[in-house]
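*Asks:*
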Amino acid sequence: MATGVVELNPLSIAEQILQHATRRRFSGVRLSGPPGSGKTALAKIISERTGWPRYSVGIIFRGLYESADKARFPTFQAYWASTTIEENLEADRLALKKTEEYLNSGQGVVFDSRFHYAVLKFPLLGVFVDAPLEVRALRQFQTTLSLEELRKKMDYLDTREKDECEKAKELGKRFGMQDFSYRTCPYNLHLRSDLLTLEQELTGVLDSLNMLKN
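Residue numbers (this note's numbering): 17 to 230.
1) Which word fits LEU211, buried or exposed, when buried means at least 16 other C-beta atoms lie within 10 angstroms of its C-beta?
2) Pull the bridge partners of TYR71 from the DSSP assignment, please.
3) Tell me which same chain residues have a C-beta within less than 6 Å of the C-beta of ARG70, skipping the five on either side of it?
4) Can you tell me where the alpha helix (DSSP H) holding ASP223 begins and where it ends?
5) Can you give the beta carbon distance from LEU218 to ARG65, rounded, assuming they're within the 8 Å contact cut?
6) In the DSSP assignment, what are the bridge partners of SER162?
7) Which of the three DSSP states is assigned to PHE77 in this structure?
8) Can you tell me which of GLU150, ASP179, ALA57 puts its alpha carbon nearest to the alpha carbon of MET170?
9) Only counting the same chain, and skipping five residues up and downstream in sequence, which positions put a Cβ closer than 7 Å to that of LYS55?
10) Would you tell me roughly how many angstroms separate the C-alpha atoms of TYR137 and SER162, rounded to the nearest one?
11) Under a Cβ-count criterion, where at least 16 other Cβ atoms within 10 Å of its own Cβ denotes burial, should GLY79 be classed as buried or exposed?
12) Hey, how far is the Cα of SER181 from the Cα of ALA147?
13) Taking C-alpha atoms, which residue in SER43, GLU164, GLY74 lies nearest to PHE131?
14) Select from PRO90, ALA107, PRO139, ASP174 the residue whose C-alpha is nearest the C-alpha of PRO202.
15) Suppose contacts are defined by Cβ-Cβ distances below 8 Å. Is SER72 in contact with ARG152 by that definition?
16) Give me the residue from THR213, ALA184, TRP96, GLU102 with the minimum Cα distance to ARG199.
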C-alpha cells in the first residue's frame, strides 16, 4: 500500500478529514486522549493482542528530555512546553514516515500520540480515550492522598492539557487552521476509561476492527 509521505498543508488535511469520515476498513489503530486517560495502557494491550508494533511520538520527546538541562527543565512538561513548532513538525514528519513504513511492510500499527493530524491519511481506526479530571488525577497515586495533593495533581494535569492545546493552536495557525487539538480531531470510537475496564475497551477496539474471535 504505497502512499508517499506528504507535507502537512490545509488542503491535504481537509481532504484527509473527509476521507476519514467515509473509511470503513482499517489497517491499524491511532489512540489519543488527555494526560492520565489511560491511552498508553490501552495502546500497549492492543499491541500485545494484535502483534502490531506500537509507535509513540511521546517517546521521541521523552528521549530528548533525558539529555536536557534539568535545572532549567525540572519536569518533562516544562521541557515539552518549551519545544518549538519546528521541533513538533519534525516529530510529525517522523510519525508520517514511520507509520508508512509499518503499513507498507504489511504490518498494522498502534499509533500512540496526542496529535493525529499528521497520520489522518492512513487507514487507522481513530480512538479517543477520556476520563474526568479528578479520576485522571487519582490514578497518579498508588497510596491514599490528601485533598491538597489531589488538587495539586488536578492542577498539574489541567495545566498539561492547556499547554498542549496552546501548542495545537500554534501548529494550526501555521497551516491556516483553527488548531490541531486532539479533542477536535475526528475519531471513530470514543471510550470513557472511568466507566470501562481495560478489557472492555480492548473489546470495543477489536470489534471495530472486525478482529473479535467468535
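The beta carbon of each residue, even a glycine, is placed where N, CA and C say it ideally should be.
*Replies:* Well, looking at it:
1) Exposed is the label assigned to LEU211, since fewer than 16 other Cβ atoms lie within 10 Å of its Cβ.
2) TYR71 is bridged to PHE127.
3) Once the five neighbours on either side are set aside, the close Cβ partners of ARG70 are ALA59, SER63, VAL126, ASP128.
4) Membership of ASP223 in the alpha helix (DSSP H) is indicated by the continuous run 214–224.
5) Indeed, because the Cβ distance is near 7 Å, the residues count as touching under 8 Å.
6) SER162 is bridged by DSSP to nothing; it lacks a bridge partner.
7) In this structure, PHE77 counts as helix in the three-state DSSP scheme.
8) Comparing alpha carbon positions, the residue from GLU150, ASP179, ALA57 closest to MET170 is GLU150.
9) Same-chain partners within the cutoff: LEU47, SER48, GLY49, ASP128, VAL145.
10) A small correction: the amino acid at residue 137 is Lys; Tyr does not occupy that position in the sequence shown. In a straight line, the C-alpha of LYS137 is about 46 Å away from that of SER162.
11) By the Cβ-count criterion, GLY79 is exposed, with fewer than 16 other Cβ atoms from all chains shown falling within 10 Å of its own Cβ.
12) In the sequence under discussion, the amino acid at residue 181 is Cys, which differs from the Ser named in the question. C-alpha separation (whole angstroms): 17 Å.
13) Ranking the options by Cα distance to PHE131, first place goes to GLY74.
14) Closest in C-alpha terms to PRO202, from the list PRO90, ALA107, PRO139, ASP174, comes PRO139.
15) No, they are not a contact pair.
16) For the residues THR213, ALA184, TRP96, GLU102, the minimum Cα distance to ARG199 belongs to ALA184.
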